[in-house]
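Quick note, our numbering runs 527 ahead of the 1-based positions in the sequence shown.
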Amino acid sequence: FEKHIAFDAKNFVFHRSWGVGIIRKVENDNISINFGKKFGIKEMSLKMAVEALQPLAKDHIWVLKATKSKEELSKLVKTDIQWALKVIIKSFGNNCDFKRIKLELVPAILSASEWTSWSTKARKIIETDSTFGVNPNDITMYTVRERAISTEEKLANEFKAQKNFFARIDILMKFAKEADTESDLFADMFNYFTGYLRAFSVVNEQTGETEKAIILAEKYIAKMNEACDYLRQDLPICDELRKWSEKFFV
528 FEKHIAFDAK NFVFHRSWGV GIIRKVENDN ISINFGKKFG IKEMSLKMAV
578 EALQPLAKDH IWVLKATKSK EELSKLVKTD IQWALKVIIK SFGNNCDFKR
628 IKLELVPAIL SASEWTSWST KARKIIETDS TFGVNPNDIT MYTVRERAIS
678 TEEKLANEFK AQKNFFARID ILMKFAKEAD TESDLFADMF NYFTGYLRAF
728 SVVNEQTGET EKAIILAEKY IAKMNEACDY LRQDLPICDE LRKWSEKFFV
């Protein structure tokens with residue numbers, strides 16, 4: 528039933544070969560769709576439409592590209608980057624990366640040179656605007672939130688989505704600079720590193736000190752020392768790090 532509702536008159540659809548179209552009329556089990564000057568009007572059964580067409584929201588980026596001039600849309604995208612980001616991200620199931628964003632904008636709306644400066648501003652907005660988030664399973668995929676969240680929540684979500692140890696430390700230091708270090712979320716981050724170092728020590732005791740393990744441990748320790756210097760020396764994790772470091776290399 529919901530699929531049939533999507534094929535009401537004046538709704539937009541997408542066909543793999545004909546592109547974006549608008550439904551002109553629906554009579555019984557047949558629908559008439561206008562695919563523009565290039566492909567014209569197409570008739571098909573409702574059953575075929577359900578199988579061959581993808582319903583599109585009126586604010587889908589494909590619909591906007593089909594119904595607005597390049598000049599008009601380019602002006603909107605340049606003057607309101609936040610709006611453009613939200614439109615594109617929501618157009619793809621509220622889960623979209625910058626590769627997809629670029630694909631939709633270049634060269635249809637922005638030139639390659641315009642994209643360079645635009646994307647720099649866009650990334651800054653996504654990093655600082657709490658209405659944007661990341662997919663918890665993929666740090667490269669962005670989402671739009673229904674409500675703004677705190678800086679602490681935003682960074683904590685990025686921390687969970689990030690799988691790289693060193694990148695997580697960078698998020699930790701960013702948290703210390705921009706958010707409340709007294710929050711439980713900050714404590715949770717430190718607990719992760721404490722557990723990580725303990726686990727590494729246990730593995731080392733069980734398997735022996737291989738050259739690879741030592742090299743990796745040296746990198747971890749150097750990065751954690753950097754974090755401790757950046758934050759403050761009296762944090763519990765710093766003492767934990769020093770004790771573990773001495774134990775590992777003795």
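In this text, a Cβ means the ideal position worked out from N, Cα and C, and glycines have one as well.
Model, not experiment: these values are computed from the prediction.
C-beta atoms of residue i and residue j nearer than 8 Å
{"i": "I608", "j": "E631", "result": "no"}
{"i": "W479", "j": "K605", "result": "Residue 479 lies beyond the stretch modelled for the chain, which goes from 528 to 777, so this question has no answer here."}
{"i": "L637", "j": "S596", "result": "no"}
{"i": "F562", "j": "K569", "result": "yes"}
{"i": "K537", "j": "I549", "result": "yes"}
{"i": "A649", "j": "L612", "result": "yes"}
{"i": "I558", "j": "M571", "result": "yes"}
{"i": "K629", "j": "S657", "result": "no"}
{"i": "N622", "j": "N662", "result": "yes"}
Residue from the options whose Cα sits closest to the Cα of residue i
{"i": "R543", "options": "S572, E578, E554, A536", "result": "E578"}
{"i": "A675", "options": "K651, A635, T655", "result": "T655"}
{"i": "K750", "options": "S618, A593, D556, I698", "result": "I698"}
{"i": "H669", "options": "S677, A688, T678", "result": "The displayed chain sequence assigns Tyr, not His, to residue 669. Considering only alpha carbons, the answer is A688."}
{"i": "K746", "options": "D756, E599, F693", "result": "F693"}
{"i": "D756", "options": "I696, M716, G722, A639", "result": "I696"}
{"i": "T678", "options": "V633, A703, D665", "result": "A703"}
{"i": "D665", "options": "F686, E673, R672, S710", "result": "F686"}
{"i": "E599", "options": "A639, A714, A635", "result": "A635"}
{"i": "F619", "options": "M716, D711, A584", "result": "A584"}
{"i": "F652", "options": "A639, W610, E673", "result": "The sequence shown places Ile at residue 652, rather than the Phe named in the question. Out of A639, W610, E673, W610 has the C-alpha closest to the C-alpha of I652."}
{"i": "E753", "options": "S640, K701, S710, E709", "result": "K701"}
{"i": "T667", "options": "R627, M716, A593", "result": "R627"}
{"i": "D586", "options": "D556, L603, K617", "result": "K617"}
Whole-angstrom C-beta distance between residue j and residue i, which should lie under 8 Å
{"i": "P582", "j": "V540", "result": "6 Å"}
{"i": "N684", "j": "G660", "result": "6 Å"}
{"i": "F534", "j": "L573", "result": "6 Å"}
Cross-strand partners of residue i (DSSP beta bridge)
{"i": "L580", "result": "H542"}
{"i": "I560", "result": "I550, K569"}
{"i": "N662", "result": "D665"}
{"i": "T670", "result": "G660"}
The ligand SAH heavy atom lying under 7 Å from the CB of residue i
{"i": "I666", "result": "As for the ligand SAH, it is missing from this structure, which has no ligand bound."}
Report the start-end ranges of each alpha helix (DSSP H) in the segment 580–664 that is 4 residues or longer and not cut off at the edges. 588–594, 597–606, 608–618, 625–632, 639–655
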